[in-house]
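These notes concern the structure reproduced below.
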DNA sequence: CATAACTTGCACAGATGTGTGCAGGATACG
DNA sequence: CGTATCCTGCACACATCTGTGCAAGTTATG
């Protein structure tokens, strides 16, 4: 009558599926179940033993991805809005593996709704950050706060989704792009990052994979 | 034996299909043939009378879209790199209807290759522009020329694809975003656009649809 | 070692999409 | 008007993908 506890290989396989799905869906949000299962070294049939649905699998991915997103957003407490944005970008980058899926799925018609609501906390953080930055004069005011927030979000998504996470200066690129969008001149960005080397290794003129 | 010239309604329908495909694929690059045909007020079967293939249809769209792209790139001759970039962005925006498809399809796995080669001239223009801007000190030099060019391209694509082309200040937004990415401070951008009102109607703090 | 837990392959139903053949009806055009 | 041109609906074959049932294997674990 007493049910046995789940087998070790089973939980490993479940995790393996999630990993495989992460990397497969980050590239192509419409990757088939078969591709995901195979790339996890399992059969399609087995995947359905672990997840009821394609939807279920994806929701779990989005769920853990966005949780990290939101946790990071709350962890950034710099008084200086510019520093806060920089740190936010840098930390998000560290989680690239988990974050890319969400970024890719957020564009997929079928999941926009779900991701949008899961990312609400992050959105609120960014909105507040933008308002703060505009008030103290460190962010641009030629755009409305909502517009700027949206732009920042869009650019962040693009950079995360469309740059090789493994390349050396990628985090640097992301941070610089976002601060530029916020309105800073590139020299200001450069000085800021030089003054706070803890945010990102301040490499000059870094390379990137083709 | 002498073949009659094509009927008027036929050529109209062909054009209608292209229009329908343009707007349908701009939203969803994987829109079905049926959806496209129906939204052109025709049957699926008829569409296949005008185009052999889904591929053929798409290639024609990409072809005319990228031709406009490239033509614009060559038409920009400002000595000042900042102005050149601004004007390039503004003109591309005017062609948004034709350009959005290309931007959307460029992300679609199945057509990256084709769009990439069709956009080679534009890429070259941007690359040259970036080099020029970096040399005369108006663009950022904390990023490699190729990296900056790539970033500009990515951001342009995003802005074109993900903002309501109909909204009033959209062109403004696009231009400002690109100049910011190039390294200018937002005040510098603001001054530049104020000094050259021909580029884009210089509206302050414009709105955007939700 | 006994057995519950897990994996697998195969067959199936169903959905959605592409591309084609054909017959019949509408219509532009010479 | 007559006819070539065009549109349409329907019926196919084919492909890809999802999700399920089942019987037969393998393996972790108590």
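Protein chains in written order, with our numbering: chain W, 74 to 283; chain S, 74 to 283.
Built from N, CA and C at the ideal position, the CB exists for glycine as well.
Quick one: residues in its chain with C-beta nearer than 8 Å to the C-beta of residue 98 of chain S, no 5 flanking neighbours on either side, listed in chain order?
104, 109, 131, 134, 174, 177 and 178
Is residue 254 of chain S close to chain W? Criterion is C-beta to C-beta, closer than 7 Å.
yes
Note down, in chain order, every chain W residue with its Cβ under 8 Å from the Cβ of residue 195 of chain S.
None at all; the shortest Cβ gap to chain W is about 18 Å.
Beta carbon of residue 228 of chain S, beta carbon of residue 247 of chain S: below 7 Å?
no
Is it the case that the stretch 153 to 168 of chain W contacts the stretch 244 to 258 of chain W, given that we only count it when at least three CB pairs across the two stretches are under 8 Å?
yes
By how many angstroms is the C-alpha of residue 85 of chain W removed from the C-alpha of residue 95 of chain W?
15 Å
Expressed to the nearest angstrom, what Euclidean distance is found between the alpha-carbon atoms of residue 269 of chain W and residue 91 of chain S?
53 Å
Would you say residue 282 of chain S reaches chain W, if we count a Cβ-Cβ gap shorter than 7 Å as a contact?
Note that residue 282 of chain S scores 39 on pLDDT, short of 50, meaning its location in the model is unreliable; the coordinates nonetheless yield the value given after this. For residue 282 of chain S, the answer is no, since every Cβ of chain W falls outside 7 Å of its Cβ.
Between residue 238 of chain S and residue 169 of chain S, is the Cβ-Cβ spacing less than 7 Å?
yes
Would you say residue 240 of chain S reaches chain W, if we count a Cβ-Cβ gap shorter than 7 Å as a contact?
no
Would you call the CB atoms of residue 218 of chain S and residue 204 of chain S closer than 7 Å?
yes
Mapping the DSSP letters down to three states, classify residue 216 of chain W as helix, strand or coil.
strand
Candidates S:106, S:136 and S:244: closest to residue 126 of chain S by CA position
S:106
Spell out whether any CB of chain S is found under 7 Å from the CB atom of residue 213 of chain W.
yes
Can you have a look at residue 116 of chain W and say buried or exposed, based on whether 16 or more other CB atoms are within 10 angstroms of its CB?
exposed
Per-residue contacts from residue 231 of chain W into chain S (C-beta, under 7 Å):
227, 228 and 231
Runs of 4 residues minimum, wholly inside the stretch 90 to 157 of chain W: which ones carry the alpha helix (DSSP H) assignment?
106 to 112, 117 to 123 and 127 to 148
Could you check how far apart the C-beta atoms of residue 273 of chain W and residue 163 of chain W are, in whole angstroms? I think they sit under 8 Å.
5 Å
Inter-residue CB distance, residue 260 of chain S and residue 211 of chain S (contact presumed, cutoff 8 Å)
Not really, about 14 Å apart at Cβ, beyond 8 Å.
Residue 222 of chain W versus residue 197 of chain W - alpha carbon distance
10 Å
So what does DSSP say about residue 206 of chain W, is it helix, strand or coil?
helix
Taking the beta carbon of residue 188 of chain W as the centre, do at least 16 other beta carbons fall within 10 Å, making it buried, or is it exposed?
buried
Hey, out of W:202, W:181 and W:79, whose CA is closest to residue 230 of chain W's CA?
W:181
Which residues in chain S sit within 8 Å of residue 258 of chain W, going by Cβ to Cβ distance?
256, 257, 258 and 261
Best match in W:166, W:215, W:142 and W:80 for proximity to residue 265 of chain S [C-alpha to C-alpha]
W:215
How many Å lie between residue 114 of chain S and residue 82 of chain S at the Cα?
12 Å
Identify, in the order they occur along the chain, each residue of the same chain with its Cβ nearer than 8 Å to the Cβ of residue 112 of chain S, setting aside the five sequence neighbours on each side.
93, 96 and 97
With 16 as the cutoff for other CB atoms within 10 Å, does residue 80 of chain W come out buried or exposed?
exposed
So what does DSSP say about residue 194 of chain S, is it helix, strand or coil?
helix
By the 10 Å Cβ neighbour count, where 16 or more other Cβ atoms means buried, how is residue 129 of chain W classified, buried or exposed?
exposed
By the criterion of Cβ-Cβ separation under 7 Å, what are the contact partners of residue 101 of chain W in chain S?
182
Chain-ordered neighbours of residue 127 of chain S on chain W, where CB pairs are closer than 8 Å:
Chain W residues near residue 127 of chain S: none, gap ~17 Å exceeds 8 Å.
Excluding the 5 residues preceding and the 5 following residue 195 of chain W in the sequence, name in chain order all residues of the same chain whose CB lies nearer than 7 Å to its CB.
142, 143 and 146
When DSSP labels each residue in this structure, what does residue 273 of chain S get in the three-state scheme?
coil
Quick check on the DSSP output: the alpha helix (DSSP H) that includes residue 38 of chain W runs from which residue to which?
The structure shown has nothing for residue 38 of chain W, since chain W only spans 74 to 283.
Quick check on the burial criterion: 16 or more other C-beta atoms within 10 angstroms. Buried or exposed for residue 213 of chain S?
buried
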